[in-house]
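S.K.: Residue numbers (my numbering): 6 to 373. Glycine is no exception: its CB is placed at the ideal position from the N, C-alpha and C atoms.
(1) To the nearest angstrom, report how far apart residue 253 and residue 92 are at their CA atoms.
(2) Straight-line CA distance for residue 348 to residue 62?
(3) Just verifying my parser: in three-state terms, what is the DSSP assignment at residue 320?
(4) Going by beta carbon distance, what residues of the same chain come within less than 6 Å of residue 360, once the five residues before and after it are set aside?
(5) Relative to the C-alpha of residue 304, which residue among 133, 277, 341, 167 is closest?
(6) Under 8 Å, do residue 336 and residue 233 count as touching if we go by C-beta distance?
(7) Considering only residues of the stretch 55-104, which uninterrupted alpha helix (DSSP H) runs meet the minimum length of 4 residues and lie entirely inside it, listed in chain order?
(8) So what does DSSP say about residue 133, is it helix, strand or coil?
(9) Check whether the Cβ atoms of residue 369 and residue 182 sit closer than 8 Å, and answer yes or no.
(10) Whole angstroms is fine: what's the gap from residue 292's alpha carbon to residue 180's?
(11) Who are the near neighbours of residue 219 in its chain, counting only those whose CB is closer than 6 Å to its CB and skipping five residues on each side?
(12) Which partner residues does residue 192 have in the DSSP bridge list?
(13) In whole angstroms, what is the alpha-carbon distance linking residue 351 and residue 362?
(14) Mapping DSSP to helix, strand and coil, what is residue 183?
(15) Of the residues 113, 83, 23, which one's Cα is nearest the Cα of residue 275?
(16) Would the beta-carbon of residue 238 fall within 8 Å of that of residue 115?
(17) Thinking just about the alpha-carbon of each residue, which of 71, 342, 261, 161 is nearest to the one in residue 317?
(18) What is the DSSP secondary structure of residue 240, counted as helix, strand or coil?
(19) By Cβ distance, which residues of its chain are closer than 6 Å to residue 22, with the 5 residues on each side in sequence left out?
(20) Can you give me the Cβ contacts of residue 143 inside the same chain, cut-off strictly under 7 Å, excluding the 5 residues immediately before and after it?
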């Protein structure tokens, strides 16, 4: 397992990745950026203006609320450092980086492809405006409602709308730039038979190889630190799905997750997948390994935490699932909120499928 180094001098910094992130985020180029000329084009100027508008509420109103809440409620967790495991995340670095700023590593997993770095020079010759429209379109639901719709990502992040938006990579980079993070390096990785991520340059790929994105980055307010984000495009169910092997078939993937040294797991808008028997393997690994878990009700069923092994804190209110997931209503969770059996703390923002403030819930559990 890779240990992150805190010594900035150890890591090769490639400024081109950060320049690219700023360019696709619609942020003014830094001096010496290779995108200085392209940033004068009207397509970019228009996009930057729209992107600033699109982000204004998030950066100035929503995100400060999340940060303030995190500072009071998650302090014990966030100061642990270490590794955050965020399965079923899609490209949502926005919440991972906001709620867990102190972690050294973030491991995110989704079905969505990892994607490639956009070839901006090529796009600029054909359809720069179309590319930016595609990027904006892919962000509408997360910025308005706090989650990505899987059904939209199947279209927006698979090259079907805009061929050069072919996965999560540009969205993760854009989120980093917009939330005051600096990208230091990017590498495409592959999962080897032993369940280790290795650079694809040292690897003989096979037909069913699982791939990952590795981004080294730092916080704008803590430039002396180094952090690493991994995003893996894999199937986390027990068995084969859409031609991809699950945890029962893929020793490499199961070993990788079991060897991950995580103390904290975050689950948000996870489609209630771990309520289903065919997601039992990943659920049991998480319950077995983690010390802390922060989730909304779409992560795991509440009854996983009421067996006396966990300290439970509830936040907000339980309004039940949205109609799409109506059959995942939980009586015991409803009762827990109504009878105040556990500590219940306020939740001053909307998050998850019940995205309106006052109808959202979060649960924090700590293993005893």
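M.R.: On the basis of the coordinates in this document:
(1) Roughly 17 Å separates the two Cα atoms.
(2) Using only the alpha carbons, I get a separation of about 31 Å.
(3) Strand, per DSSP.
(4) 150, 151, listed in sequence order.
(5) With distances taken between Cα atoms, residue 304 lies closest to 277.
(6) The answer is no: Cβ separation not under 8 Å.
(7) As far as the stretch 55-104 is concerned, its whole alpha helix (DSSP H) runs of at least 4 residues are 68-78, 80-83, 98-104.
(8) Looking at residue 133 - three-state DSSP - the assignment turns out to be helix.
(9) Residue 182 is positioned such that its CB atom lies no closer than 8 Å to that of residue 369.
(10) When rounded, the distance between both Cα atoms is 29 Å.
(11) Excluding its 5 nearest sequence neighbours in each direction, residue 219 has C-beta neighbours in its own chain below 6 Å: 192, 194, 235, listed in chain order.
(12) Residue pairing by DSSP places residue 192 opposite 219 in a beta bridge.
(13) Near 11 Å, if we compare the C-alpha coordinates of residue 362 and residue 351.
(14) Residue 183 carries a helical assignment under DSSP once its states are collapsed to helix, strand and coil.
(15) Comparing Cα-Cα distances from residue 275 to each of 113, 83, 23, the minimum goes to 113.
(16) Closer than 8 Å, so yes.
(17) Out of 71, 342, 261, 161, 342 has the C-alpha closest to the C-alpha of residue 317.
(18) In the three-state reduction of the DSSP assignment, residue 240 falls in the coil class.
(19) Within the same chain, Cβ atoms closer than 6 Å to the Cβ of residue 22 are found at 188, 191, the five residues on either side in sequence being excluded.
(20) The beta carbon of residue 143 lies closer than 7 Å to those of 161, 162, 170, 176 in the same chain, with the five residues before and after it left out.
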